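If you read the protein sequences in the order shown, they are chains H and R.
Quick note on the numbering used here: the first sequence kicks off at 1 and runs consecutively.
Quick note on the numbering used here: the second sequence kicks off at 1 and runs consecutively.
Every residue gets a Cβ at the ideal spot worked out from N, C-alpha and C, and that includes glycine.
Note that the structure is a prediction, hence the values are computed from the model and not measured.
For reference, the structure is listed below as structure tokens.
Protein chains: 2
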Amino acid sequence: MAVLPPNVSQETFSAAIREFQAAVGSEWVFTSDEDLHPFRDHFSYIKDQPNELIPSAAVGPDTVEQVQAVVRTANKYKIPLYSISTGKNFAYGGPSPNVRGSVTVDLKRMNRVLEVDDKRHYALVEPGVSYIDLYRHIQDRGLKVWIDTPDPGWGSPIGNALDHGIGYTMGFFRDHFGAHCGMEVVLPNGEVMRTGMGALPGSKSWHEYKHGYGPDPSGLFGQGNFGIVTKMGFRLMPQPEHWRTGLITVPKRNDFIPLVDAVNYLSDMAMIGEPWYGSGLFQLMGNTEFNEAAQAFNAEEMDRQAARANLHSWQVEVQFYGSERTTLSSWEYAQELVARSIPAARFTDGESLKVPLTKEQIQKSTTSYPSRMRRNVTQGVPGLGIWYMTGRSEQNPNAWDETHIGLFSLVARSGEAVFQAQRDFADIANRLGMRSAFSNAVATPVNWYPFSFLMGNGFGVRGDNSPDGKKRAAQMLRRVLQENAKLGYGDYRAPPMIQDDVADQYSFNDYALRRFNEALKDSIDPNGILSPGRAGIWPAAYRSLRGSMRG
Amino acid sequence: MAVLPPNVSQETFSAAIREFQAAVGSEWVFTSDEDLHPFRDHFSYIKDQPNELIPSAAVGPDTVEQVQAVVRTANKYKIPLYSISTGKNFAYGGPSPNVRGSVTVDLKRMNRVLEVDDKRHYALVEPGVSYIDLYRHIQDRGLKVWIDTPDPGWGSPIGNALDHGIGYTMGFFRDHFGAHCGMEVVLPNGEVMRTGMGALPGSKSWHEYKHGYGPDPSGLFGQGNFGIVTKMGFRLMPQPEHWRTGLITVPKRNDFIPLVDAVNYLSDMAMIGEPWYGSGLFQLMGNTEFNEAAQAFNAEEMDRQAARANLHSWQVEVQFYGSERTTLSSWEYAQELVARSIPAARFTDGESLKVPLTKEQIQKSTTSYPSRMRRNVTQGVPGLGIWYMTGRSEQNPNAWDETHIGLFSLVARSGEAVFQAQRDFADIANRLGMRSAFSNAVATPVNWYPFSFLMGNGFGVRGDNSPDGKKRAAQMLRRVLQENAKLGYGDYRAPPMIQDDVADQYSFNDYALRRFNEALKDSIDPNGILSPGRAGIWPAAYRSLRGSMRG
Numbered sequence: 001m002a003v004l005p006p007n008v009s010q011e012t013f014s015a016a017i018r019e020f021q022a023a024v025g026s027e028w029v030f031t032s033d034e035d036l037h038p039f040r041d042h043f044s045y046i047k048d049q050p051n052e053l054i055p056s057a058a059v060g061p062d063t064v065e066q067v068q069a070v071v072r073t074a075n076k077y078k079i080p081l082y083s084i085s086t087g088k089n090f091a092y093g094g095p096s097p098n099v100r101g102s103v104t105v106d107l108k109r110m111n112r113v114l115e116v117d118d119k120r121h122y123a124l125v126e127p128g129v130s131y132i133d134l135y136r137h138i139q140d141r142g143l144k145v146w147i148d149t150p151d152p153g154w155g156s157p158i159g160n161a162l163d164h165g166i167g168y169t170m171g172f173f174r175d176h177f178g179a180h181c182g183m184e185v186v187l188p189n190g191e192v193m194r195t196g197m198g199a200l201p202g203s204k205s206w207h208e209y210k211h212g213y214g215p216d217p218s219g220l221f222g223q224g225n226f227g228i229v230t231k232m233g234f235r236l237m238p239q240p241e242h243w244r245t246g247l248i249t250v251p252k253r254n255d256f257i258p259l260v261d262a263v264n265y266l267s268d269m270a271m272i273g274e275p276w277y278g279s280g281l282f283q284l285m286g287n288t289e290f291n292e293a294a295q296a297f298n299a300e301e302m303d304r305q306a307a308r309a310n311l312h313s314w315q316v317e318v319q320f321y322g323s324e325r326t327t328l329s330s331w332e333y334a335q336e337l338v339a340r341s342i343p344a345a346r347f348t349d350g351e352s353l354k355v356p357l358t359k360e361q362i363q364k365s366t367t368s369y370p371s372r373m374r375r376n377v378t379q380g381v382p383g384l385g386i387w388y389m390t391g392r393s394e395q396n397p398n399a400w401d402e403t404h405i406g407l408f409s410l411v412a413r414s415g416e417a418v419f420q421a422q423r424d425f426a427d428i429a430n431r432l433g434m435r436s437a438f439s440n441a442v443a444t445p446v447n448w449y450p451f452s453f454l455m456g457n458g459f460g461v462r463g464d465n466s467p468d469g470k471k472r473a474a475q476m477l478r479r480v481l482q483e484n485a486k487l488g489y490g491d492y493r494a495p496p497m498i499q500d501d502v503a504d505q506y507s508f509n510d511y512a513l514r515r516f517n518e519a520l521k522d523s524i525d526p527n528g529i530l531s532p533g534r535a536g537i538w539p540a541a542y543r544s545l546r547g548s549m550r551g
Numbered sequence: 001m002a003v004l005p006p007n008v009s010q011e012t013f014s015a016a017i018r019e020f021q022a023a024v025g026s027e028w029v030f031t032s033d034e035d036l037h038p039f040r041d042h043f044s045y046i047k048d049q050p051n052e053l054i055p056s057a058a059v060g061p062d063t064v065e066q067v068q069a070v071v072r073t074a075n076k077y078k079i080p081l082y083s084i085s086t087g088k089n090f091a092y093g094g095p096s097p098n099v100r101g102s103v104t105v106d107l108k109r110m111n112r113v114l115e116v117d118d119k120r121h122y123a124l125v126e127p128g129v130s131y132i133d134l135y136r137h138i139q140d141r142g143l144k145v146w147i148d149t150p151d152p153g154w155g156s157p158i159g160n161a162l163d164h165g166i167g168y169t170m171g172f173f174r175d176h177f178g179a180h181c182g183m184e185v186v187l188p189n190g191e192v193m194r195t196g197m198g199a200l201p202g203s204k205s206w207h208e209y210k211h212g213y214g215p216d217p218s219g220l221f222g223q224g225n226f227g228i229v230t231k232m233g234f235r236l237m238p239q240p241e242h243w244r245t246g247l248i249t250v251p252k253r254n255d256f257i258p259l260v261d262a263v264n265y266l267s268d269m270a271m272i273g274e275p276w277y278g279s280g281l282f283q284l285m286g287n288t289e290f291n292e293a294a295q296a297f298n299a300e301e302m303d304r305q306a307a308r309a310n311l312h313s314w315q316v317e318v319q320f321y322g323s324e325r326t327t328l329s330s331w332e333y334a335q336e337l338v339a340r341s342i343p344a345a346r347f348t349d350g351e352s353l354k355v356p357l358t359k360e361q362i363q364k365s366t367t368s369y370p371s372r373m374r375r376n377v378t379q380g381v382p383g384l385g386i387w388y389m390t391g392r393s394e395q396n397p398n399a400w401d402e403t404h405i406g407l408f409s410l411v412a413r414s415g416e417a418v419f420q421a422q423r424d425f426a427d428i429a430n431r432l433g434m435r436s437a438f439s440n441a442v443a444t445p446v447n448w449y450p451f452s453f454l455m456g457n458g459f460g461v462r463g464d465n466s467p468d469g470k471k472r473a474a475q476m477l478r479r480v481l482q483e484n485a486k487l488g489y490g491d492y493r494a495p496p497m498i499q500d501d502v503a504d505q506y507s508f509n510d511y512a513l514r515r516f517n518e519a520l521k522d523s524i525d526p527n528g529i530l531s532p533g534r535a536g537i538w539p540a541a542y543r544s545l546r547g548s549m550r551g
């Protein structure tokens, strides 16, 4: 199983390993198959295949200086590094690198919460800090701030933000990269750089003003390979005094269009947190007669069957943060606004809880109305509850995705665009002969990003469990990505195995953006050592590998 | 007056001019002193001096293709360009370039509003569009969105955002660069690139999802010289149904600390728009006894005199966007929250207006409570009202700043930090023997950026009107910048004349950020033709000019 970095001899590799050991301590350098087991993607389509994306070694620095030393050694011996933090990165390739034989830089030991300010509302953390760590730090000290946590909460605020991950509270905070404010980065040459006001020694505004002075390169570090982020500030939501939810249901298929308009309005006025869309008709999907109507996108017939089954076509759960009275008046206003354009809409009060929540309330909310899928994340409480809904198929016959590949395409934020995407994705699935759990007439968008809709598609792809079956499934995935792109649908994130394929979707003007980014990459990483190939950005030294790391 | 670009012969320059004429039409290429008059900074400290930052020519492209042609010609003849859009850029150097002899690329003709969506809440504009243009476009069509406009409104949303400019409504929207979503850029090599979802042909989410896929270089174009932005999308606030203001006053100096905490809370919960701080004691500044107490930062004595004069120490105006009831319940909550920590606080209802505002209401609000300084900008109505407060000193004896140099330093967002900055700035002014309108015990911060305080300082510097007097004033300004930086205060924006000085403030790790940015710059602009020296980023070809463009 032992593997070497590309074009690196055993001798050179051994010399590098000795330097890594000198830098971080030999107990924090891993090379045996057993030690490297946790650094593989055990859900990979190409697990155990000769092209599996596995590292040649892993190193665990504890300080910024150690990260610098590791980077300098990698430059000296021209060894590609791949940096990861904490969490599992399920659905996005786990810890597996972009280039087989990379040395994984595991930042888990750098797990210090450096600062939490509950008057100026920010935190400064290291990459090994998890959402759960940060939450506990805040709770233990009784600080009056809420975090915005993704699902599950074992991940790293830094890692998640850099992957453009999301959460479930108010719009500004749930765009985790957007809510960052100031970072410290070890550059490919081993130097330390700080962005924003961090570039000014002694500034007190590092986590309050993000643009700094002059051009701001911080966007290059998100889904990028321009440096290893060693500290990052995040804006935090003040702890609200009250949290409230409400459920809005509308009877007819076409009611979805004005419903989305009203929710967009409330959302962009910052009156609601993450809205959660669903369809009451999901439960009719097993019904042949309904399926026929749904497959034909026959709104009238679907409405008829919905009425007969006494089910609503669409629903959205909305949530409010504030005082008891402000949340109530916002909820009442939401009802008034929706009823103006959809007189038949119905409104159900959800939970209405004084904050801080008691332990019992936090427990209770995991199983209460409207669904345990929401759990505590809308209250900034990190957990692991999401795993009830997935798992490997041999263990869970209901699992949606044995390969754990998450694919979400951007869809315009309107009801019409969602209807169009339902048709487009169903059409693609039909043409490719693919079963898809998400490409149908009752599929709903997620509004994780405050101004965007994402719709899952493609990750219902399954092969049989043979290597060839998995290969076919991987090929199918790539065809889905190509077909999506032809219709203007692009993905926001991807595991290493298909990073080049998603990058290929973004082809405007002969890949002008990718070529620009690669020119930048070459200028600051001439040996191409930092995560070559990440998000399709290949440095000159490894550019010939583009497209070769697929299943 | 005729000037050539650095190291360019008259012959080469003439050849370039002929190509510019072929590209944009000869009527849109300007070279005479008279034609170039509007492209100078008439408030410059170095006006009419041999080092005045004036262009050698100006060109006015009308299309993206023409911008591309201009950039290609500039590369061919190695001529530095300096791109500007619309507005006057008073206080930040007007249209003057960073390098004397640059060719100004004036984008005013590219003034098309390409799209305004009042359901998905965004606009796509060209650089020559002004806030007034965009406002009129929206009003003429009855679209239900508000813009966030700076003051004055003749500027360009693109130009303002790229300069990290600000407005006066809700936090997210008034960070103009932060609220952008998707740009199109002509790169230094003449190619067109689109960021975010614009990199995916046919995407419908260009102005709804900004991160796109992979590393996002868009931050490099803000206060940067990495490309000429030809299109930019902006998130817009939905038109609220109601707008309301309230005034909070607190009697004592130290009440400012809990006041800021409460306002931070409301602001970060997105319950209020821009809060506007002031001091009731400003009017006592002419009083010798008060001045003595203020200069000693004697809180007790200042409180005594405030009480005797029946004046409040501090005030903040807050504003609410929503429905009549939601704005009322937020205002009531604001009062409750402030009263908890400051029982002596007083609350005065301000305006409470149904939206859309009538013409009369828009007029009325320019002069009504609490001050005409607020004018219409908090309602997204662009205007020119700010000019009452400034002007050249020969015309307006009350003018604060004859040289129109705006300097604002980042200060931590707490009352304690503001008190410290008052002392620090007063101390610097005293040590340098400088009169300063802003460095005193009643100076208040502006909360333009949602999570930051900025405090004006340094721009009260005046010399006499002789060239030497102006030179001394310019030198004084630079000393202020140096002294500020020593105490951790950095500026967020600067006119060309002092861009290197502000850049010098950001010195962390031997200017790691600037060196990184300059490495990137060199990689994509090998001839250094795009706005060399902007924000202190000098390309290799012009790097020897660093620091030479000062007064």
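Let me know if residue i comes out buried or exposed under the rule of 16 or more other beta-carbons within 10 Å of its beta-carbon.
i, result
"Lys486(H)", "exposed"
"Asn7(R)", "exposed"
"Ala473(R)", "buried"
Going by C-alpha to C-alpha distance, which of the options sits closest to residue i?
i, options, result
"Tyr265(R)", "Thr288(H), Pro238(H) and Phe221(H)", "Pro238(H)"
"His355(H)", "Trp314(H), Glu52(H) and His242(H)", "At residue 355(H) the sequence reads Val, which differs from the His that was named. For Val355(H), the nearest C-alpha among the options comes from His242(H)."
"Gly167(R)", "His137(R), Asp148(R), Gly153(R) and Pro61(R)", "Asp148(R)"
"Phe20(R)", "Pro5(R), Ser279(R) and Gln66(R)", "Gln66(R)"
Apart from the five residues on each side of it in sequence, which residues of its chain come closer than 6 Å, Cβ to Cβ, to residue i?
i, result
"Ala441(R)", "Ala294, Phe297 and Gln422"
"Asn160(H)", "Pro150 and His176"
"Asp501(H)", "Arg478 and Leu481"
"Ala339(H)", "Ala345"
Is there a C-beta anywhere in chain R that falls below 8 Å from the one on residue i?
i, result
"Val381(H)", "no"
"Gly159(H)", "no"
"Ile428(H)", "no"
"His312(H)", "no"
"Leu220(H)", "yes"
"Ser414(H)", "yes"
"Asn447(H)", "no"
"Thr230(H)", "no"
State yes or no: is the beta carbon of residue i nearer than 8 Å to at least one beta carbon in chain H?
i, result
"Ala535(R)", "yes"
"Thr195(R)", "yes"
"Asn527(R)", "no"
"Ala503(R)", "yes"
"Glu191(R)", "yes"
"Lys119(R)", "yes"
Excluding the 5 residues flanking residue i on each side, which residues of the same chain have their C-beta closer than 7 Å to its C-beta?
i, result
"Ala16(R)", "Thr73, Tyr77 and Ile79"
"Pro445(R)", "Tyr277, Val411, Val418, Phe453, Leu454 and Met455"
Ordered along the chain, which non-local residues of its own chain (more than five positions away) have a Cβ less than 8 Å from that of residue i?
i, result
"Ile362(R)", "Asn376, Gln379 and Val381"
Using a Cβ-based criterion (distance less than 7 Å to any ligand heavy atom), does residue i qualify as near the ligand NAP?
i, result
"Ser548(R)", "With respect to the ligand NAP, the structure offers nothing, as it holds no ligand at all."
The alpha helix (DSSP H) that contains residue i, what's its start and end?
i, result
"Trp314(H)", "Here Trp314(H) belongs to no alpha helix (DSSP H); instead the beta strand (DSSP E) covers Trp314 to Gly322."
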